[in-house]
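Q:
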Amino acid sequence: LAAFVRRTLSDIAQVPGVVTPTFASRSVGAVYAYDRAPSTLVLYVNGGLIGNPSRAFATALSVVNVLAATRLQGSIEEFKAEAAGDFANDAATLETRAWLAAVFSRESASPDFINRALAAISATTPDDVQRVARTYLGNPTIALVLPRGTNLQD
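First residue of the sequence shown? That's 475 in the numbering used here, and the numbers climb one at a time after it.
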């Protein structure tokens with residue numbers, strides 16, 4: 475879900491007139507914190523790169539609302555490949571693999587947790603994405619975080 479949302483928001487941010495090219499290159503993303511209880515999905519729109527972030531924020535929020543309410547049409551293979559790549563890249567260091575081993579062992583997962591995670595990503599269906607989107611995005615908590623100035627008293 476995080477890969478799908480990140481990619482979708484990134485594509486929207488690149489539509490001419492929605493945001494500037496600089497904003498589009500660093501403006502949107504999603505992070506899925508699956509190792510916490512309850513799990514969370516954080517979507518972000520970086521409004522600090524433009525003067526008025528309200529249009530990009532409203533666009534991102536409408537995408538989230540549609541995703542939570544509508545079944546995906548078409549293939550999600552590209553998003554699954556991106557999610558698998560993100561997982562593999564994130565599991566490249568010894569430190570990260572040790573952390574993943576701890577998280578998966580806490581959940582009583584087998585020692586082949588990396589292969590099992592990649593297999594689970596591969597088996598993901600559009601219905602799975604819809605179900606998870608409803609869980610995490612159906613009633614979102616929204617925080618608008620504004621950048622601070624360089625003066626610590628701001």
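Glycine included, each C-beta is placed from N, C-alpha and C at the ideal position.
1. Relative to the C-alpha of residue 572, which candidate in 560, 588, 559 has its C-alpha closest?
2. So within the segment 535 to 581, which uninterrupted alpha helix (DSSP H) runs reach at least 4 residues, ignoring any that extend past its ends?
3. On the criterion of 16 or more Cβ atoms from any shown chain inside 10 Å, does residue 611 qualify as buried, or is it exposed?
4. What separation, rounded to the nearest whole angstrom, lies between the Cα atoms of residue 601 and residue 511?
5. Buried or exposed: which applies to residue 568, given that a residue is buried once 16 or more other Cβ atoms fall within 10 Å of its Cβ?
6. Whose C-beta lies closer than 7 Å to the C-beta of residue 561 among residues of the same chain, with five residues either side of it excluded?
7. Quick test of your reading: residue 517 and residue 506, contact by CB under 8 Å. State the CB separation rounded to the nearest angstrom.
A: The structure says:
1. Along the sequence shown, one-based indexing puts residue 572 at 98. Comparing Cα-Cα distances from residue 572 to each of 560, 588, 559, the minimum goes to 588.
2. Within the segment 535 to 581, the complete alpha helix (DSSP H) runs of at least 4 residues are 551 to 564, 568 to 580.
3. Here residue 611 refers to the residue found at position 137 of the sequence shown. The residue is buried, with at least 16 neighbouring Cβ atoms inside 10 Å.
4. Here residue 601 refers to the residue found at position 127 of the sequence shown. Here residue 511 refers to the residue found at position 37 of the sequence shown. The straight-line gap from Cα to Cα measures roughly 23 Å.
5. Working through the sequence shown from its first residue, we reach residue 568 at position 94. By the neighbour-count rule (16 or more Cβ atoms within 10 Å), residue 568 is not buried but exposed.
6. Translated into positions along the sequence shown, residue 561 becomes position 87. Counting only Cβ-Cβ distances below 7 Å, and skipping sequence neighbours, we find 591, 592, 595.
7. Here residue 517 is taken as the residue at index 43 of the sequence shown, counted from 1. Here residue 506 is taken as the residue at index 32 of the sequence shown, counted from 1. Not really, about 10 Å apart at Cβ, beyond 8 Å.
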